[in-house]
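Trainee:
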Amino acid sequence: MSALASPQSASRTPRPRIPDRLKVLYVTTLHRSSSWLVEAFATDSASRVYVTEVVGVTAGLSALRDEVFDAVVVFHEPGVLDALDFVEGLRTGGHDEPMIVLGAQPPQVFEALVYEVGADAYCSLKQTTTRCLLWEFARAIRRFEVVRENRRLQEAERQRLASEHSEAERLLTEQRKLLTELEAIDAGEFDAPEGLAGALAAEVTTSRAPLPPMLISHYRDLLQTYVVMGSGNLTEEMTKLADVLVDAGITAHQVMQLHVEVLEGMIDGLGRRSARHVMNRADLLVLEVAVHLAEGYRQRWQAKRYTSSQRLLPGFDEADLLSPGCRSFDQP
1 MSALASPQSA SRTPRPRIPD RLKVLYVTTL HRSSSWLVEA FATDSASRVY VTEVVGVTAG
61 LSALRDEVFD AVVVFHEPGV LDALDFVEGL RTGGHDEPMI VLGAQPPQVF EALVYEVGAD
121 AYCSLKQTTT RCLLWEFARA IRRFEVVREN RRLQEAERQR LASEHSEAER LLTEQRKLLT
181 ELEAIDAGEF DAPEGLAGAL AAEVTTSRAP LPPMLISHYR DLLQTYVVMG SGNLTEEMTK
241 LADVLVDAGI TAHQVMQLHV EVLEGMIDGL GRRSARHVMN RADLLVLEVA VHLAEGYRQR
301 WQAKRYTSSQ RLLPGFDEAD LLSPGCRSFD QP
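Under UniProt numbering, the residue at position 24 of the sequence shown is numbered 24, and the numbers go up by one with no gaps.
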């Protein structure tokens with residue numbers, strides 16, 4: 001109970017209050033003018049209410065088209081003015097102004113019907129005071145403001161997600177362009193470089209075999225897990241993947257091709273969800289895979305280099321050969 005009454009929680013959810021000024025449209029019939037309503041509001045100093053009276057449905061629609069009102073009050077008179085049909089027609093047409101229905105029927109009979117057609121409240125003339133009617137205005141206006149703010153936030157969120165998806169598609173296009181340029185170099189559409197770069201390009205040309213579906217599925221699962229958990233808990237999985245890639249002779253170009261293919265499918269499946277977090281985690285994943293892959297090939301190269309080097313005969317070591325007491329064969 002103390003948490004509900006704390007000042008912090010009260011500041012987060014402002015309570016509705018009676019507005020200082022109200023511009024109200026009163027839709028009524030010839031038998032019920034607005035004079036009594038104006039007099040009732042004048043006796044209560046909580047708010048200054050300006051009432052615009054119109055007679056009939058057609059006049060009410062015209063007034064709503066020409067002016068902006070803080071609230072709409074409709075007097076229900078069976079057989080003359082059906083407030084339920086009027087409110088339902090306004091809601092169907094896109095009007096979201098606060099709407100309150102006045103009538104002589106008891107609320108136990110008529111209140112549920114009013115809510116079903118989209119009105120904010122029903123006030124019975126026999127049971128409603130002026131202050132209660134003002135508070136119904138305040139609650140209806142507050143609901144209208146919340147709905148409008150919610151729509152604004154939804155539109156802003158929709159635009160943000162659309163922008164993120166466009167940015168993700170642009171980054172994927174750049175990555176595909178990078179792969180296309182590498183393939184063009186391998187196909188000989190550009191002059192082959194000389195020296196070590198040319199040798200590496202010739203070696204990479206032979207590594208364009210399609211990747212196995214099992215590897216693609218495994219990388220997809222790894223990417224989905226990486227997006228949720230990050231790299232902190234996947235060290236063992238990353239090491240195993242790097243060992244598999246090195247054992248299979250997978251090149252960096254093939255890793256990037258695998259990454260782009262899996263990432264495209266994941267971005268397309270996001271729908272309206274955010275793509276920025278997925279792209280950021282995916283960039284970290286492919287960078288980490290490239291680092292592990294490079295380290296794996298470096299270790300294999302060093303192991304092969306040291307294995308193929310000339311070893312000393314048994315009984316000799318490098319320290320003995322370089323000692324002062326050991327003479328060279330060409331010395332006298």
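Every residue gets a Cβ at the ideal spot worked out from N, C-alpha and C, and that includes glycine.
1) Quick check on DSSP: helix, strand or coil for Ile-250?
2) For Ser-9, which three-state DSSP category applies?
3) Using C-beta distances below 8 Å, list every residue in its chain close to Gln-257, excluding the 5 sequence neighbours before and after it, in chain order.
4) By a C-beta neighbour count over all protein chains shown, 10 Å radius and 16 as the cutoff for buried, is Ala-248 buried or exposed?
5) Would DSSP call Ile-18 helix, strand or coil?
6) Does the Cβ-Cβ distance between Val-51 and Val-27 come in under 7 Å?
7) Buried or exposed for Met-279, please, with buried defined as at least 16 other CB atoms from any protein chain shown within 10 angstroms of its CB.
8) How far does the beta strand (DSSP E) with Thr-52 in it extend, from its first residue to its last?
9) Between Tyr-219 and the rest of its own chain, which residues show a CB-CB distance below 6 Å, the 5 nearest in sequence each way excluded?
10) Whole angstroms is fine: what's the gap from Trp-36's alpha carbon to Gly-118's?
11) Excluding the 5 residues flanking His-277 on each side, which residues of the same chain have their C-beta closer than 8 Å to its C-beta?
12) Does the beta-carbon distance from Leu-134 to Asp-70 come in below 7 Å?
13) Find the nearest neighbour of Pro-19 within the set Asp-268, Arg-48, Ser-34, judged by alpha-carbon distance.
14) Classify Ala-3: buried if its beta carbon has 16 or more other beta carbons within 10 angstroms, exposed otherwise.
15) Taking DSSP as the reference, what is the three-state secondary structure of Pro-69?
16) Starting from Val-80, trace the beta strand (DSSP E) both ways and give me its first and last residue.
17) Grouping DSSP H, G and I as helix and E and B as strand, with all else coil, what is Ala-104?
18) So the candidates are His-76, Leu-113, Asp-85; which of them puts its Cα closest to the Cα of Leu-125?
19) Got a sec? Which residues, its chain only, sit under 6 Å from Ala-40 by beta carbon, not counting five neighbours each side?
20) Take Pro-16 as the anchor and find which of Ile-141, Pro-98, Ala-303 has the nearest alpha-carbon.
21) Taking 7 Å as the cut-off, decide whether the C-beta atoms of Val-80 and Thr-29 are in contact.
22) Counting Cβ pairs closer than 8 Å, one from the region 84-95 and one from the region 104-124, do we hit at least three?
23) Just the Cα atoms here: how many angstroms apart are Leu-196 and Trp-301?
24) Which two residues bound the contiguous alpha helix (DSSP H) that contains Ala-42?
25) Quick check on the DSSP output: the alpha helix (DSSP H) that includes Ser-217 runs from which residue to which?
Mentor: Taking the coordinates as given:
1) coil
2) Residue placement at Ser-9 is poorly supported in this model, since its pLDDT is 48, which falls under 50; the coordinates still yield a value, given next. Helix at Ser-9.
3) Leu-179, Leu-211
4) exposed
5) coil
6) no
7) buried
8) 48-55
9) Leu-258, Val-262
10) Take the alpha-carbon of Trp-36 and the one of Gly-118: they are about 26 Å apart.
11) Val-227
12) no
13) Arg-48
14) Since pLDDT at Ala-3 reaches only 48, below the 50 mark, its modelled position is unreliable, and no value is offered.
15) Note that residue 69 is Phe in the sequence shown here, rather than Pro. If DSSP states are grouped into helix, strand and coil, Phe-69 belongs with coil.
16) Run containing Val-80: none; DSSP gives neither H nor E here.
17) coil
18) Of the candidates His-76, Leu-113, Asp-85, the one whose C-alpha sits nearest the C-alpha of Leu-125 is His-76.
19) Thr-130
20) Ile-141
21) yes
22) These segments touch.
23) Per-residue confidence for Leu-196 stands at a pLDDT of 43, beneath the threshold of 50, marking its modelled position as unreliable; no derived number is given.
24) DSSP places Ala-42 inside the alpha helix (DSSP H), whose first and last residues are 35-42.
25) Note, Ser-217: alpha helix (DSSP H), 213-229.
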